[in-house]
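Chemist:
Residue numbers (the numbering used here), protein chains in the order written: chain A, 267 to 617; chain L, 267 to 617; chain E, 267 to 617; chain G, 267 to 617.
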């Protein structure tokens with residue numbers, strides 16, 4: 267995509283990730299001004315963006331509206347890329363159609379992240395097994411630019427990763443790739459997320475009285491993002507245990523990742539391993555040995571911060587990974603992918 | 267009521283005030299043990315109390331259940347007093363029936379608090395104007411023991427006050443009764459409440475993402491508790507402005523009450539006025555001049571803490587009033603009323 | 267100031283307002299790049315900005331340091347404007363020196379905001395009464411661009427307003443200027459601020475255990491910002507009562523302002539009065555009648571949001587004013603003043 | 267100790283654990299009334315308890331004071347048992363003296379919890395290696411009543427466990443004792459604590475602005491409580507990894523404990539193992555398989571709640587353990603120990 271001709275459409279701006287996506291795109295230097303952005307929804311109602319998200323008032327042109335969507339309309343507007351912040355099943359339905367209309371797609375849902383049907387088993391999609399689904403899945407590139415930059419650059423379909431998966435994969439990939447991590451002791455990923463990760467729907471668990479002054483674990487041995495860890499890190503289910511917790515904060519994830527090395531390593535070696543891996547990845551900030559990242563420093567940024575501590579035995583290490591679940595864990599990563607697909611700097615509109 | 271023969275029934279324990287009511291009654295020294303407490307609900311389902319409120323596990327006998335309710339059952343169990351933590355309309359329906367069955371009632375809802383139909387105008391009840399409603403209202407005593415101890419002691423129906431109303435009335439009554447408060451400048455009551463005051467129903471406004479890191483005002487010039495202020499303080503709507511706000515905390519109310527005196531007073535006089543008024547009121551703690559109460563010191567207690575600051579002019583004063591909206595503002599006050607009705611110490615089971 | 271030649275120095279970046287100031291200036295479109303920004307401190311230590319504020323990593327050039335400051339160094343660097351986020355007494359000392367070196371100054375402290383010595387009485391400065399102090403004070407322009415745009419544009423010394431004062435003055439000025447506000451009933455300003463307003467020093471009151479799950483009022487009839495209200499709104503101490511409270515949130519102020527009109531007005535008239543006053547003020551967002559602002563919508567923005575509710579009597583009105591105490595209440599306002607002084611758009615670097 | 271003759275002294279009530287200790291003892295049924303409780307401090311100042319902890323007003327007799335302490339005074343008062351909520355070094359000094367005066371002692375600090383000098387190595391005490399210290403240590407019983415009831419009953423010195431250690435040991439002991447836990451994969455204990463665990467001293471890390479909206483890990487591979495895990499569970503440092511985190515809540519700990527079994531087990535077996543172990547331990551509540559505890563349900567109680575989830579492979583299990591760090595993790599456990607030492611019901615004064 268070249269500037270000027272770039273026309274981006276977004277579906278599903280009503281949720282938290284959608285609001286962040288709208289905010290980022292509205293002030294993206296390559297997408298300045300109204301004409302290049304189309305916000306769509308199903309149905310026939312038109313509603314101004316600031317009515318849906320009052321906090322965007324003043325940032326968004328008043329007249330910018332979420333409009334009834336149709337494929338014809340997207341074509342008429344010259345839309346080249348479609349970003350979907352829609353529910354999983356919605357994305358299962360729309361992505362094949364979008365591809366058939368020649369659009370490039372970034373899908374923020376979990377619809378197209380997993381290659382192995384086995385990993386999709388817990389959350390079966392209604393079209394599972396259909397030829398069109400298989401063909402679509404075959405096109406999907408897992409949208410973690412730190413791992414798949416080249417493939418994303420030319421992809422027609424980018425499956426934007428899960429928030430927990432992003433934090434954990436970025437923590438582990440350098441060490442696993444280096445062949446350092448021994449799997450006989452297993453890997454433990456203890457992750458904690460703010461409430462925005464649970465979505466905008468008011469439920470018993472998103473009630474302030476439930477979430478505040480509390481901490482709870484959930485989805486033990488059964489979280490949807492586990493499959494992403496297995497595929498991206500090339501592990502088996504037995505190798506890794508991942509437990510999410512609900513933190514009493516609006517946004518941010520911290521993952522505490524426990525690994526054992528095959529051999530002794532020094533802190534300098536570990537730090538170098540991480541730094542080398544992310545040399546060309548401006549959105550990952552590697553901390554010096556013993557300096558641990560924390561959620562506050564990444565909240566409302568697109569950075570993933572990594573730090574670690576090595577045990578005195580030189581064998582056990584704990585990697586701490588932090589990011590904002592709505593940005594690097596969702597909307598920010600989608601914009602980063604859009605930048606890569608468009609041949610722009612990865613960080614454009616994200617600093 | 268005498269100990270031993272005391273049988274208390276509670277309807278509506280599923281909400282926050284209901285849970286606190288159950289907790290208080292379960293460890294009330296006069297109501298020790300299962301037999302004296304009946305927890306009821308409409309419908310035919312039986313459910314253990316700890317299934318509804320896991321935090322009561324270990325405090326409540328495991329076998330204690332919320333049971334299908336009928337008037338016959340209450341009679342068979344020898345129930346003498348009924349506490350209702352039910353929605354307003356439910357209480358409008360049940361209270362007349364309960365009275366006709368010879369029960370004494372403490373109603374935590376807003377159904378029977380207001381004498382003047384004008385003050386009930388905003389929230390019209392469906393039975394408004396019926397003879398039975400009028401007769402029931404005539405029996406109702408406003409359940410603020412600091413003001414109406416004698417009437418509560420012999421009442422058949424106690425209308426438990428609103429949480430905001432309790433905080434504000436206790437702040438103002440001594441000064442208004444003393445004739446000190448000039449009304450030509452009006453009284454401003456700026457009150458702030460924790461989220462439990464908004465109820466257990468998950469809504470957009472009780473979502474953690476709405477309430478946390480936020481403050482919002484609501485129901486300006488239109489809050490249901492305003493009528494209670496007018497009736498109990500004998501003011502007109504023009505005399506007093508009351509604004510509630512939603513605080514990002516689980517529980518507690520702080521009301522900042524601005525008054526102007528007709529004449530200059532000293533801090534000593536103001537403190538004496540408050541202390542004298544509450545000499546026999548063990549649940550109100552009056553602070554020394556310049557020592558202001560705060561929510562933390564009353565949370566999870568049945569105390570209302572009062573403090574004040576006098577302007578250098580000796581004419582303007584700010585009274586700060588704090589209480590726990592679920593205790594002194596609801597369930598604790600109900601138990602205090604039960605104590606008064608039963609001839610027990612006001613503080614029994616409340617310290 | 268013209269672009270290119272603009273050289274800005276900031277003193278006092280270690281605090282919360284200082285961090286925000288550094289963040290804003292680093293990404294200000296007119297100040298792009300290292301050379302135009304100098305961060306100074308007393309003493310001889312040099313320290314990288316990201317060591318002081320890790321959350322700025324990736325936003326700030328790694329090599330950007332807080333450096334030992336001297337007037338000669340500022341001159342050598344070609345600094346034209348000095349922003350001070352320093353303690354009051356520090357600013358009392360430095361501002362006259364800076365002016366004598368020909369610098370234009372924006373002072374974020376409370377050192378030079380008050381013209382009337384009476385209003386400075388509670389917080390006497392050590393140099394109070396000196397000729398140089400009097401001369402400096404005479405130069406100071408109160409830095410609220412919505413009120414004093416022209417004077418700020420050519421000022422040598424801008425005294426950046428207090429956070430509470432900004433919220434309250436913006437709420438009241440249109441109605442007071444219109445002559446609508448009757449003072450016989452007085453004005454009540456009940457304001458609530460997040461903990462960042464209390465500064466970075468760890469104290470008993472900024473301890474998490476004190477501030478969380480709590481609300482407390484402080485400085486009744488004795489807050490430093492009161493004088494700003496009196497001078498900017500041309501009121502006497504008797505006309506207005508201002509009470510601050512400490513909210514359990516990181517940042518944001520909400521002020522609930524109670525006024526009585528001399529005559530009846532309609533909601534349309536009130537809304538028009540506010541809108542007209544702020545026609546040319548892009549950082550003030552006036553809400554429609556009955557739509558109340560809340561802290562979440564202004565946090566991390568430089569907007570001040572205003573909304574109101576009119577009583578049925580058409581005489582009493584409540585204006586709700588919200589802003590971020592570190593931005594529109596401090597660092598953002600300073601940048602807005604810098605923009606005005608430099609002849610740039612008010613909103614540059616602030617959206 | 268028999269009722270009536272019981273005289274308890276407490277040193278160190280100014281901190282958070284001390285305040286809880288005072289609260290519990292003041293309403294303990296066996297210690298009713300002033301005469302049986304002595305609150306002491308070093309120095310010559312006398313201060314009323316409610317001046318130090320305003321939230322205890324109304325619960326504590328007004329005249330109850332923290333008084334200058336001396337061993338003679340304790341003897342004159344007939345004190346039989348001393349509870350120390352004092353800093354580690356203070357307890358190192360006072361405990362031997364108290365024992366020499368014939369007092370029984372419960373020490374809440376970390377001074378006497380560790381038998382193995384190796385485990386005390388990181389936090390060397392100043393008297394380390396002295397004969398009196400060795401003799402005192404030899405008398406100390408680790409005060410976890412669920413493990414050492416008989417020894418505590420007759421102990422002269424009870425070393426009250428660390429808060430994290432209590433949560434983790436209670437989670438692991440039944441499974442480790444049963445010989446089920448395979449150590450070749452190691453045990454991971456990922457624990458999270460509220461801010462009260464960091465003490466009352468205002469520091470950069472207890473500042474609201476640091477702790478709120480944040481999560482941070484600390485003391486990796488280096489936390490003082492680790493030694494308690496090793497000794498009580500009879501493990502080596504290589505077997506277990508323990509990481510604490512600072513949660514943005516006032517109180518409560520949740521520990522997520524990852525174990526691997528030597529052989530496959532069913533959920534029924536695991537639940538039975540836990541339930542059997544705690545049959546006679548009323549302060550431990552074992553949840554049914556798949557029902558996970560959360561912090562809210564134990565906050566402000568002396569319970570430790572345990573739940574677990576078994577992996578589909580029947581080999582990996584996650585045990586979730588929750589408690590209130592100031593109660594079961596400190597003051598409540600001390601009272602539980604006092605109950606055991608006195609031959610009372612473990613739960614007296616704790617429900």
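Every residue, glycine too, gets a C-beta built ideally from N, C-alpha and C.
Using 8 Å as the threshold, is the C-beta distance between residue 460(G) and residue 591(G) below it?
Modeler: yes
Chemist: Could you check the C-alpha separation between residue 273(G) and residue 366(G) for me, to the nearest Å?
Modeler: 18 Å
Chemist: Excluding the 5 residues preceding and the 5 following residue 612(G) in the sequence, name in chain order all residues of the same chain whose CB lies nearer than 7 Å to its CB.
Modeler: 411, 548, 549, 602, 605, 606
Chemist: In chain order, what residues of the same chain lie with their CB nearer than 8 Å to the CB of residue 334(L), ignoring the 5 residues before and after it?
Modeler: 306, 307, 308, 309, 310, 311, 312
Chemist: Between residue 275(G) and chain L, is the shortest Cβ-Cβ distance under 8 Å, so that the two count as touching?
Modeler: no
Chemist: What first and last residue would you give for the beta strand (DSSP E) that runs through residue 619(G)?
Modeler: Lying outside 267 to 617, the shown extent of chain G, residue 619(G) is not represented and no answer is given.
Chemist: From which residue to which residue does the beta strand (DSSP E) around residue 277(E) run?
Modeler: 274 to 277
Chemist: Check the Cβ of residue 508(A) against every Cβ in chain G and list those closer than 8 Å, keeping chain order.
Modeler: Simply none; closest approach about 10 Å.
Chemist: On the criterion of 16 or more Cβ atoms from any shown chain inside 10 Å, does residue 479(L) qualify as buried, or is it exposed?
Modeler: buried
Chemist: Any C-beta of chain L within less than 8 Å: which residues of the region 312 to 342 of chain G qualify?
Modeler: 320, 321, 323, 324, 325
Chemist: At the level of alpha carbons, what is the spacing between residue 527(L) and residue 445(L)?
Modeler: 9 Å
Chemist: Using a threshold of 8 Å, state whether the C-beta atoms of residue 339(L) and residue 371(L) are closer than that.
Modeler: no
Chemist: Any C-beta of chain A within less than 9 Å: which residues of the region 478 to 507 of chain E qualify?
Modeler: 478, 479
Chemist: By the three-class DSSP mapping on this structure, what secondary structure does residue 500(A) have?
Modeler: Three-state result, residue 500(A): coil.
Chemist: Examine chain A for any beta-carbon lying closer than 8 Å to the beta-carbon of residue 456(G), and answer yes or no.
Modeler: Residue 456(G) counts as touching chain A.
Chemist: Closest by CA to residue 376(L), which one among 424(L), 566(L), 416(L)?
Modeler: The shortest Cα separation from residue 376(L) among 424(L), 566(L), 416(L) belongs to 424(L).
Chemist: Go ahead and label residue 490(E) buried or exposed: buried means 16 or more other beta carbons lie within 10 angstroms of its beta carbon, across all protein chains shown.
Modeler: buried
Chemist: Classify residue 390(A): buried if its beta carbon has 16 or more other beta carbons within 10 angstroms, exposed otherwise.
Modeler: Residue 390(A) comes out exposed.
Chemist: Does DSSP put residue 289(E) in a helix, a strand or coil?
Modeler: helix
Chemist: When the Cα of residue 455(A) is compared with those of 382(A), 387(A), 487(A), which residue comes out closest?
Modeler: Across the set 382(A), 387(A), 487(A), the C-alpha of 487(A) shows the shortest separation from the C-alpha of residue 455(A).
Chemist: Taking C-alpha atoms, which residue in 393(A), 582(A), 358(A), 443(A) lies nearest to residue 533(A)?
Modeler: 582(A)
Chemist: Could you check the C-alpha separation between residue 553(G) and residue 493(A) for me, to the nearest Å?
Modeler: 29 Å
Chemist: Give a yes or no on whether 8 Å exceeds the smallest Cβ distance from residue 602(G) to chain L.
Modeler: No, no contact with chain L.
Chemist: Look at residue 523(G) and residue 470(G) and say whether their C-beta atoms are less than 8 Å apart.
Modeler: no
Chemist: Just to confirm my understanding: we take residue 392(E), look at its own chain, exclude 5 residues before and 5 after, and list those with CB closer than 8 Å. What are they?
Modeler: 355, 358
Chemist: Grab the span of the beta strand (DSSP E) containing residue 306(L) for me, first residue to last.
Modeler: From DSSP, the beta strand (DSSP E) with residue 306(L) extends over 303 to 307.
Chemist: Is the CB of residue 522(A) under 8 Å away from at least one CB in chain G?
Modeler: yes
Chemist: Determine which residues share a DSSP beta bridge with residue 314(A) and list them.
Modeler: 331(A)
Chemist: Compare the Cα-Cα distances from residue 353(E) to each of 281(E), 443(E), 418(E) and report the closest residue.
Modeler: Comparing Cα-Cα distances from residue 353(E) to each of 281(E), 443(E), 418(E), the minimum goes to 281(E).
Chemist: Between residue 379(G) and residue 388(G), what straight-line distance do the alpha-carbon atoms span, to the nearest angstrom?
Modeler: 14 Å
Chemist: Run through the DSSP bridge pairs and tell me what residue 570(E) is partnered with.
Modeler: Note: residue 570(E) is bridge-paired with 550(E), 589(E) in the DSSP secondary-structure output.
Chemist: Return the chain-ordered list of same chain residues with a C-beta closer than 6 Å to the C-beta of residue 499(A), the five sequence neighbours on each side being excluded.
Modeler: 438, 442
Chemist: With residue 433(A) and residue 519(A) assumed to form a contact (beta carbons below 8 Å), what rounded beta-carbon distance in angstroms separates them?
Modeler: That belief holds up - the Cβ atoms of residue 433(A) and residue 519(A) are roughly 5 Å apart, short of 8 Å.
Chemist: Please state the DSSP three-state secondary structure of residue 526(G).
Modeler: strand
Chemist: Indicate whether residue 513(G) and residue 540(G) have their beta-carbon atoms separated by less than 8 Å.
Modeler: no
Chemist: Quick one: grab the DSSP three-state call for residue 322(E).
Modeler: helix
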